[in-house]
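Residue numbers (this note's numbering): 77 to 419. Please read the structure below before turning to the comments.
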Ligand SMILES: *Cc1c(COP(=O)(O)O)cnc(C)c1O
């Protein structure tokens with residue numbers, strides 16, 4: 077893949093902002109370079125723009141080199157950056173599976189980039205040839221989400237590989253739910269594919285949605301473009317500290333994942349017994365899609381009982397469906413009891 081043909085010309089030639097903390101490299105004790113207030117340490121100092129301490133720990137857990145990692149203010153920032161780096165507004169387009177995570181389309185609209193949704197099969201599996209058929213000379217990015225939101229299923233490896241092998245542009249695989257999927261991450265394919273970007277997040281399995289930190293893994297060359305385009309201090313000091321501390325105890329995350337996977341099986345078994353439930357779609361995530369017939373009625377009833385699920389009734393191929401997140405055992409039982417009472 078020739079990045080010069082894929083990256084927007086204005087980004088390819090961009091001279092990035094050089095912040096004070098980037099220009100000075102070395103050891104110093106007197107910092108009079110950044111117009112900071114000398115009081116109130118450590119909050120007075122600008123944070124590390126490249127979050128090296130955090131990335132070293134991520135690198136140790138996930139494999140890729142520090143230079144192949146980008147951290148964002150949530151994955152949502154990374155998604156927006158993909159458009160700003162690769163897609164010329166009013167000219168280029170992207171392809172995405174349908175249904176999928178809503179932010180890919182919202183960011184396309186914000187950036188005035190044409191968004192081409194390509195239907196998944198009825199069982200939400202991926203037909204790579206249908207995606208590849210939709211590619212034209214202006215297609216810069218293909219968005220894949222695996223496990224997919226809102227359907228919950230993992231996309232088939234062979235189909236994803238077919239896209240990686242045959243598309244001469246960027247393939248993003250959003251793995252927000254990878255920890256629940258019991259398979260290896262696509263990160264291991266970065267060695268083979270120089271057009272791949274893998275997204276992960278601290279918002280789901282790591283249970284840190286509020287602190288806003290998302291990850292992108294890719295080639296060094298692609299990550300350099302992310303570093304040029306992002307706001308210099310996009311991940312604040314408190315977030316960096318908190319993520320860094322949490323990475324020292326990844327056992328906790330694994331324990332949570334085990335608990336949620338167990339609860340997921342419990343929920344599926346129990347929901348099968350409820351007559352209202354027509355179908356539970358297979359899931360590799362911490363949520364599942366359930367066909368309950370009149371989803372809006374069920375949704376409203378649950379709201380009245382102070383239980384909030386996601387109504388996906390209006391989403392393509394999800395008519396009649398609710399998307400239910402796996403909670404604590406107590407929360408799950410509350411939901412099941414409410415559904416059992418609904419006549
Ligand atoms: C929840 C989710 C994310 C996470 O976004 P953050 O901005 O990191 O919180 C990303 N992608 C998908 C598909 C999601 O469902």
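Positions of the beta carbon are idealized from the N, C-alpha and C atoms, including for glycine.
Straight-line spacing of the CA atoms in residue 289 and residue 419 works out to 42 Å. 7 Å or more divides the Cβ of residue 247 from the Cβ of residue 231. Ranking 114, 96, 141, 322 by CA distance to the CA of residue 125 puts 96 first. In this structure residue 229 is buried. Its beta-carbon is surrounded by 16 or more other beta-carbon atoms within 10 angstroms. Here the C-alpha atom of residue 395 lies approximately 8 Å from the C-alpha atom of residue 371.
A direct Cα-to-Cα measurement between residue 269 and residue 401 gives close to 33 Å.
With a cut-off of 6 Å, the C-beta of residue 360 is classified as distant from ligand 1, since no heavy atom of the ligand falls inside that distance. A direct Cα-Cα distance of roughly 46 Å separates residue 143 from residue 382. DSSP, reduced to helix, strand and coil, places residue 127 outside both helices and strands of the structure shown, so it counts as coil. Rounded to whole angstroms, residue 204 and residue 328 show a C-alpha spacing of 37 Å.
Residue 130 has its alpha-carbon roughly 8 Å from the corresponding atom of residue 317. Between residue 179 and residue 292, the CB-CB gap reaches or exceeds 7 Å. Look at residue 326: its beta carbon is at least 6 Å from all of the heavy atoms in ligand 1. Under the three-state reduction of DSSP output, residue 86 falls in the helix class. In the DSSP assignment, residue 395 falls outside any alpha helix (DSSP H), carrying neither H nor E.
If you check the C-beta of residue 156 against ligand 1, you find no heavy atom less than 6 Å away. Relative to ligand 1, the beta carbon of residue 177 is positioned inside 6 Å of a heavy atom. Around the beta-carbon of residue 177, 16 or more other beta-carbon atoms lie within 10 Å, marking it buried.
Not a single heavy atom of ligand 1 lies less than 6 Å from the C-beta of residue 222. In this structure, the CA atom of residue 103 is about 16 Å from the CA atom of residue 110.
Residue 128 sits away from residue 301, with the two beta carbons spaced by 7 Å or more.
Out of 256, 211, 262, 213, the CA that lies nearest to the CA of residue 234 is found in 262.
By a beta-carbon distance limit of 8 Å, residue 236 contacts residue 249. Their separation comes to about 7 Å.
For the set 183, 77, 284, 276, the Cα lying nearest the Cα of residue 165 is the one of 183. Cβ contact annotation for residue 133 (same chain, cutoff 7 Å, sequence separation greater than five): 320, 323, in chain order. Between residue 155 and the set 281, 305, 174, 352, the nearest pair of CA atoms involves 305.
Taken through DSSP and simplified to helix, strand or coil, residue 221 comes out as strand.
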